[in-house]
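J.: Before I ask anything, let me first share the structure, which is written out below as structure tokens.
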Amino acid sequence: MLIHVQNTNSQYNLPEIGKKIAYRANRSGVAERFSDPAVQTSIAADLSLIDFYDTLLNQLELFITSQAKQQDHHSFYLLRSVPGIGKILALTILYEIHEGQKLLARLERKHGKAKALTLLAHKLARAVYFILRREKTFDLTQFLAA
Numbered sequence: 231m232l233i234h235v236q237n238t239n240s241q242y243n244l245p246e247i248g249k250k251i252a253y254r255a256n257r258s259g260v261a262e263r264f265s266d267p268a269v270q271t272s273i274a275a276d277l278s279l280i281d282f283y284d285t286l287l288n289q290l291e292l293f294i295t296s297q298a299k300q301q302d303h304h305s306f307y308l309l310r311s312v313p314g315i316g317k318i319l320a321l322t323i324l325y326e327i328h329e330g331q332k333l334l335a336r337l338e339r340k341h342g343k344a345k346a347l348t349l350l351a352h353k354l355a356r357a358v359y360f361i362l363r364r365e366k367t368f369d370l371t372q373f374l375a376a
């Protein structure tokens, strides 16, 4: 919808909007830039849908965050303490690393909790390095085998 607004603006050879309409505060007056009432209505509909989705996604994010805090508050807090890891990335890591949990349990039995966390962090860092260096996607089988 944002792209539709920007493309329509470009098609009518209007100057760039100049501000990011992804932010609610920057959306006022955008539909009025167009002289054609049908286009104004179309753009207003796009902006209304964007407002609706913003609200819906914020509610969904709050719900998922509250569930994560209830299920594993400590891990969520620890992930958020890393510079560059926000709510969404912390949630992604928390919910997507199921197989990494099996590996961590195995490492804990062998090396103890502190050493296991260090080994897992080192293994993940190496995996990310090689993914970027070799430009290949993550292979869970290879990750767990090595």
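First residue of the sequence shown? That's 231 in our numbering, and the numbers climb one at a time after it. The C-beta atom is built at its ideal place from N, Cα and C for all residues, glycine as well.
Are the CB atoms of leucine 232 and isoleucine 251 within a distance shorter than 8 angstroms?
T.: Against the sequence shown, residue 251 aligns to sequence position 21. Against the sequence shown, residue 232 aligns to sequence position 2. Yes.
J.: Name the two residues that bound the continuous alpha helix (DSSP H) containing alanine 252.
T.: Along the sequence shown, one-based indexing puts residue 252 at 22. Neither: alanine 252 is in no alpha helix (DSSP H) and is coded neither H nor E.
J.: Would you kindly report the start and end of the unbroken alpha helix (DSSP H) that includes threonine 348?
T.: Here residue 348 refers to the residue found at position 118 of the sequence shown. Where threonine 348 is concerned, the enclosing alpha helix (DSSP H) stretches over 343-364.
J.: Quick check: the Cα distance between glutamine 301 and alanine 261, rounded to an integer number of angstroms?
T.: On the sequence shown, residue 301 is found 71 positions in, with the first residue counted as 1. On the sequence shown, residue 261 is found 31 positions in, with the first residue counted as 1. Spanning the two alpha carbons is a distance of roughly 44 angstroms.
J.: Note down the Cα distance separating arginine 257 from alanine 357, rounded to an integer number of angstroms.
T.: The sequence position of residue 257 within the sequence shown is 27, counting from 1. The sequence position of residue 357 within the sequence shown is 127, counting from 1. C-alpha separation (whole angstroms): 42 angstroms.
J.: Can you have a look at asparagine 239 and say buried or exposed, based on whether 16 or more other CB atoms are within 10 angstroms of its CB?
T.: Here residue 239 refers to the residue found at position 9 of the sequence shown. Its Cβ being crowded by 16 or more others within 10 Å, asparagine 239 is buried.
J.: Output the boundary residues of the alpha helix (DSSP H) element that contains proline 267.
T.: One-based indexing of the sequence shown puts residue 267 at position 37. Note, proline 267: alpha helix (DSSP H), 267-310.
J.: Measure the CB-CB distance between isoleucine 294 and leucine 321 and report whether it falls below 8 angstroms.
T.: Numbered from its first residue, the sequence shown carries residue 294 at position 64. Numbered from its first residue, the sequence shown carries residue 321 at position 91. Their beta carbons are under 8 angstroms apart, which means isoleucine 294 touches leucine 321 by this criterion.
J.: What is the C-beta distance between leucine 324 and alanine 298, in whole angstroms, given that I count them as a contact (C-beta under 8 angstroms)?
T.: On the sequence shown, position 94 is the one that residue 324 refers to. On the sequence shown, position 68 is the one that residue 298 refers to. That belief holds up - the Cβ atoms of leucine 324 and alanine 298 are roughly 6 angstroms apart, short of 8 angstroms.
J.: Using CA atoms only, rank isn't needed, just tell me which of Pro267, Tyr283, Ser272 is closest to glutamine 236.
T.: Stepping through the sequence shown from its first residue, residue 236 is reached at position 6. The residue with the shortest Cα to Cα distance from glutamine 236 is Ser272.
J.: State the DSSP-derived secondary structure class of asparagine 243, mapped to helix, strand or coil.
T.: Locating residue 243 in the sequence shown gives position 13, counting from the first residue. Coil, per DSSP.
J.: Under 8 angstroms between the Cβ atoms of arginine 263 and leucine 279?
T.: Position 33 of the sequence shown, counted from the start, is the residue given in the question as residue 263. Position 49 of the sequence shown, counted from the start, is the residue given in the question as residue 279. Against a cut-off of 8 angstroms, the Cβ pair of leucine 279 and arginine 263 comes out as no contact.
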